[in-house]
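**Q** If you scroll down you'll find the structure; I have some questions about it.
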Amino acid sequence: MKQKTFIFDLDGVIVDTAKYHFLAWQNLATQLGIHFTNEDNEQLKGVSRVRSLEIILGLGNQTASDEKKEKWLVQKNEEYLAYIEKMDESEILPDVKRVLQFLKDNNQKIVLGSASKNAKVILDKVHLTSYFDALVDGNAVSKAKPDPEVFLVGAKLTASTPENCIVFEDAFAGIQAANAANMLSIGIGDKAVLHEANYCFNDFTAISNEFLKELIEK
Ligand code: B16
Ligand code: MG
1055 MKQKTFIFDL
1065 DGVIVDTAKY
1075 HFLAWQNLAT
1085 QLGIHFTNED
1095 NEQLKGVSRV
1105 RSLEIILGLG
1115 NQTASDEKKE
1125 KWLVQKNEEY
1135 LAYIEKMDES
1145 EILPDVKRVL
1155 QFLKDNNQKI
1165 VLGSASKNAK
1175 VILDKVHLTS
1185 YFDALVDGNA
1195 VSKAKPDPEV
1205 FLVGAKLTAS
1215 TPENCIVFED
1225 AFAGIQAANA
1235 ANMLSIGIGD
1245 KAVLHEANYC
1255 FNDFTAISNE
1265 FLKELIEK
């Protein structure tokens, strides 16, 4: 059997941490007098922490000094980490573990490619760290998705060529990053949003072991 590298995004693919990001951002927005809804939160998916704050300030037509922004970023992250602290395996999204296990059993490389600087903590919390051959997170890269850097670093760490990499992503910018890296992109979520992906599924329950086998042998 061939060996491919399967790169997983974290938030929205392995776990749904968007709900915790939302609660922490909403608290900060309220403090700043900015109306921030669940719908607005969609814009923050896959986007870096700093960029997320800029989007929220933009919603309220506000600007702030770098010093203030730094203080708010720390405050938001502390609150977010308090939610993460309570996470356990029950928060792993449906069939993610089955897919990881199938890939491992078939000697495939598994990599994390996330914008989050908290990725390692989250993987440890849900006890999935041991499945991964390499972790590429927000601390390891300087350019955010849709730049392909995060996925290209992942390919390099597993000594794989981009053509042999398959990316699972829930964010439009993430699919663009995978395509720009010359990798096969698989959208997890809404097909209307992720229309640039090579394939798209609602979630991992729709991805069979036979399909994974096909991807490996491609
Ligand atoms: P942090 P992903 C992303 O994770 C989230 O989707 C995005 O909403 C968040 O702002 C970003 O991580 C940074 O997270 O504040 O923990 O560094 O989808 O790339 O796994
Ligand atoms: Mg994501």
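Numbering (our numbering), first residue to last: 1055 to 1272.
All C-beta atoms in this analysis are idealised placements derived from N, C-alpha and C, irrespective of residue type, glycine included.
Whose C-beta lies closer than 7 Å to the C-beta of PHE1275 among residues of the same chain, with five residues either side of it excluded?
**A** Lying outside 1055 to 1272, the shown extent of the chain, residue 1275 is not represented and no answer is given.
**Q** Between ASP1159 and TYR1185, what straight-line distance do the alpha-carbon atoms span, to the nearest angstrom?
**A** Their backbone Cα atoms lie some 11 Å apart in a straight line.
**Q** When you compare each of GLY1112, ALA1227 and LEU1127 to LEU1248 by their alpha carbons, which one comes out closest?
**A** Taking only the C-alpha atoms, the option nearest LEU1248 is ALA1227.
**Q** Quick one: complete beta strand (DSSP E) runs, 3+ long, within the region 1170–1219?
**A** Fully enclosed beta strand (DSSP E) runs of 3 or longer: 1188–1190.
**Q** Is the number of C-beta pairs between the region 1227–1236 and the region 1137–1153 that are closer than 8 Å three or more?
**A** No: fewer than three Cβ pairs fall under 8 Å.
**Q** Where GLY1087 and GLY1114 are concerned, what is the direct C-alpha to C-alpha distance, given to the nearest angstrom?
**A** Distance between the alpha carbons of GLY1087 and GLY1114: 8 Å.
**Q** Reducing DSSP to helix, strand and coil, say where GLU1223 ends up.
**A** DSSP places GLU1223 in strand when its eight states are reduced to three.
**Q** Apply the 10 Å Cβ neighbour rule to MET1055 and answer buried if 16 or more other Cβ atoms are within range, or exposed otherwise.
**A** So MET1055 counts as exposed.
**Q** To the nearest angstrom, report how far apart THR1183 and LEU1177 are at their CA atoms.
**A** Their backbone Cα atoms lie some 5 Å apart in a straight line.
**Q** Would you please state the rounded distance, in angstroms, between the beta carbons of VAL1195 and VAL1165? I believe it to be under 8 Å.
**A** That pair is no contact at about 13 Å.
**Q** Do ILE1240 and ALA1251 have their CB atoms nearer than 8 Å?
**A** Yes, the Cβ-Cβ distance between ILE1240 and ALA1251 is below 8 Å.
**Q** Which value, in whole angstroms, describes the spacing of the CA atoms of ASP1149 and GLU1108?
**A** In a straight line, the C-alpha of ASP1149 is about 35 Å away from that of GLU1108.
**Q** If we count Cβ pairs, one from each stretch, closer than 8 Å, do we get three or more for the region 1123–1131 versus the region 1069–1087?
**A** In short, these stretches touch, since the Cβ pair count reaches three.
**Q** From the DSSP output, in three-state form, read off LYS1267 for me.
**A** Three-state result, LYS1267: helix.
**Q** Can you find a heavy atom of ligand 2 that lies under 7 Å from the Cβ of ALA1231?
**A** Because no heavy atom of ligand 2 lies under 7 Å away, the Cβ of ALA1231 does not count as near it: no.
**Q** Give every residue whose Cβ lies closer than 5 Å to any heavy atom of ligand 2, listed in chain order.
**A** Cβ atoms closer than 5 Å to ligand 2 belong to ASP1063, ASP1065, GLY1066, GLY1100, ASP1224 and ALA1225.
**Q** In its own chain, which residues sit with a C-beta less than 7 Å from the C-beta of ASP1310, not counting the 5 before and 5 after it?
**A** Examination of residue 1310 is not possible in this model, given that the chain is present from 1055 through 1272 alone.
**Q** Quick one: what does DSSP say GLY1167 is sitting in, helix, strand or coil?
**A** In the structure shown, GLY1167 sits in a strand (DSSP, three-state: E or B).
**Q** To the nearest angstrom, report how far apart LEU1211 and GLU1271 are at their CA atoms.
**A** Computed Cα separation, rounded: 21 Å.
**Q** Identify every run of the alpha helix (DSSP H) within the region 1096–1156, keeping only runs that are complete inside it and at least 4 residues long; order them along the chain.
**A** DSSP runs (the alpha helix (DSSP H)) wholly in the region 1096–1156: 1103–1113 and 1120–1138.
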